[in-house]
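Asker:
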Amino acid sequence: MIFSEFYDLFQADVDYEALMHPILPYLNQDEVILDAGCGSGYILAYLLNKGYNVIGVDKEESMLERAHKKISSYGYSKQLFLHDLKYPLKQKFHQIIALLDVFHYFKGIKNLAENLYNALYDGGKLIIDLYKEPQAYVESGKIEGIKYHWEMSTNDHILKHKITLNKSKRTSHFVIRQYIYNLDYYLNVLKAVGFSIETFNGFDDRKIYLVCTK
Numbered sequence: 132m133i134f135s136e137f138y139d140l141f142q143a144d145v146d147y148e149a150l151m152h153p154i155l156p157y158l159n160q161d162e163v164i165l166d167a168g169c170g171s172g173y174i175l176a177y178l179l180n181k182g183y184n185v186i187g188v189d190k191e192e193s194m195l196e197r198a199h200k201k202i203s204s205y206g207y208s209k210q211l212f213l214h215d216l217k218y219p220l221k222q223k224f225h226q227i228i229a230l231l232d233v234f235h236y237f238k239g240i241k242n243l244a245e246n247l248y249n250a251l252y253d254g255g256k257l258i259i260d261l262y263k264e265p266q267a268y269v270e271s272g273k274i275e276g277i278k279y280h281w282e283m284s285t286n287d288h289i290l291k292h293k294i295t296l297n298k299s300k301r302t303s304h305f306v307i308r309q310y311i312y313n314l315d316y317y318l319n320v321l322k323a324v325g326f327s328i329e330t331f332n333g334f335d336d337r338k339i340y341l342v343c344t345k
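Per this note's numbering, the very first residue in the sequence shown carries number 132; after that it's consecutive.
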């Protein structure tokens, strides 16, 4: 089993209506939205079905393949592009979302923040989520016949996910590394790039949500 298959199954349990409810007031249906780091496409599909004009980028082809299957079933097909957010975007937008831990996949965010800032028109908005503090938990369960054990721990700014999967007597192990710093670090970098910032509480109590305006 590849990780994107498990990720897609696990993300299927997220309540996207609750996740997006506090975010939708910041989005304009008349302007294109970039879903930066769209993963397997759940948020992208949700917004398309709500009538928003959205395109998605991700650096993992396996994620984009799963996202394509989702949006194709609703009649969409040209909204996905392979792109690593470490590099500048070639198009400008009035609104960008980078949700479900996107910023935590980067060891430092200055380059990422600059690329997203430069991809916005003046007055454009970037909406992100960030963990409020270091995370640690252990979870075991079963999804679609797949048994999983998930350990999450933080040490020296490294947020490590150790995941073991068992399916049909076959075992797979994955280690996913993210990065977590105190909130001031993120705020200072975003402000230094040129953003003004508004915060709000959202779906996940462990996180704070930021609206960053160029």
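Just so you know, even glycine gets a beta-carbon here, dropped at the ideal spot from N, CA and C.
State the beta-bridge partners of ASP166 as determined by DSSP.
Answerer: GLY187, ILE228
Asker: For GLN222, which option in ASN242, LEU231, GLY187 has the closest C-alpha, if you only look at C-alpha atoms?
Answerer: GLY187
Asker: Name, in chain order, the residues that DSSP records as bridge partners for HIS280.
Answerer: In the DSSP output, where bridge partners are listed per residue, HIS280 has SER271, THR295.
Asker: Ordered along the chain, which non-local residues of its own chain (more than five positions away) have a Cβ less than 7 Å from that of GLY348?
Answerer: Here the chain comprises residues numbered 132 to 345, so residue 348 is not present and cannot be evaluated.
Asker: Return the first residue and the last residue of the beta strand (DSSP E) that GLN210 is part of.
Answerer: First-last for GLN210: undefined, no H or E at that position.
Asker: Starting from the Cα of LYS209, find the closest Cα among LEU175, GLU275, SER135 and give me that residue.
Answerer: LEU175
Asker: What did DSSP end up calling PHE305 once you bin it into helix, strand or coil?
Answerer: strand
Asker: Classify ALA323 as buried or exposed, calling it buried when 16 or more other Cβ atoms lie within 10 Å of its own Cβ.
Answerer: exposed
Asker: Is the CB-CB distance between ILE202 and TYR262 below 8 Å?
Answerer: no
Asker: DSSP state of LYS200, grouped into three classes?
Answerer: helix
Asker: Is PHE137 helix, strand or coil when you go by DSSP?
Answerer: helix
Asker: State yes or no: is the C-beta of PRO153 within less than 8 Å of the C-beta of GLY333?
Answerer: The Cβ atoms of PRO153 and GLY333 sit closer than 8 Å to each other.
Asker: Tell me whether TYR205 sits in a helix, a strand or coil according to DSSP, three-state version.
Answerer: coil
Asker: Nearest to ILE287 by CA position, among ILE328, TYR183, LEU318, LYS238, is which residue?
Answerer: Here residue 287 is Asp; the residue named in the question, Ile, does not match the sequence. Ranking ILE328, TYR183, LEU318, LYS238 by Cα distance to ASP287 puts LYS238 first.
Asker: Distance, Cα to Cα, GLN226 vs ASP166?
Answerer: Approximately 9 Å, taken between the alpha carbons.
Asker: Expressed to the nearest angstrom, what Euclidean distance is found between the alpha-carbon atoms of ASP315 and VAL233?
Answerer: Roughly 18 Å between the two C-alpha positions.
Asker: Is PRO265 closer than 8 Å to THR285 when the C-beta atoms are compared?
Answerer: yes
Asker: What whole-angstrom Cβ distance do ILE133 and SER193 have, given they're in contact under 8 Å?
Answerer: 6 Å
Asker: Tell me the residue span of the beta strand (DSSP E) that contains TYR262.
Answerer: 251-262
Asker: Quick check on LYS238: does DSSP put it in helix, strand or coil?
Answerer: Correct three-state label for LYS238: coil.
Asker: In chain order, what residues of the same chain have a beta carbon less than 6 Å from the beta carbon of ASP260, not counting five sequence neighbours either side?
Answerer: LEU230, LYS338, TYR340
Asker: Taking 7 Å as the cut-off, is the beta-carbon of GLU162 closer than that to any non-hydrogen atom of the ligand NAP?
Answerer: Among the components modelled here there is no ligand, and therefore nothing to report on the ligand NAP.
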